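One structure is given here, and the rest of the page talks about it.
Residue numbers (UniProt numbering): 1 to 140.
So, in structure tokens, the structure goes:
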């Protein structure tokens, strides 16, 4: 059973010791004995020196996310999508990707069209002013 900062298994409390990134680096039981050590490469793949038995004790490892090891896939569950640490990428596109500000292609097209319209209007104004021999200084 999961509890805040650890889990209970067979009536014994186990506590996560995390690093500054939220990775579960060490799991200790109630008597302060280390039951699991997790050492990861920067994108979440476990170091080779971790034993297989140690790795399968509890699934919450890199970034505190659950590691699914079924069928040898080794995917981290980030709730909305899965992360594959071997390649450092998510397996699917974010469902809300187009909802983010500045990442929607339509917004970029709309912005460039507005900028081209502004540029066109500025060009007309400058041509008019040049005909009247008025000097215009643009400061951006």
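Even glycine gets a Cβ: it sits at the ideal position worked out from N, Cα and C.
Nothing here was measured: the structure is a model prediction, and the numbers come from that model.
The DSSP assignment places 66-68, 75-77, 82-84 as complete runs of the beta strand (DSSP E) inside the stretch 51-90, in order along the chain (cut-off: 3 residues). By the CB criterion at 8 Å, residue 16 and residue 29 fall outside the cutoff. Annotated as proximal: residue 91 and residue 75, with beta-carbon spacing under 8 Å. In terms of Cα proximity to residue 96, the closest of 67, 3, 80 is 80. Annotation: the continuous beta strand (DSSP E) that includes residue 29 extends over 24-29.
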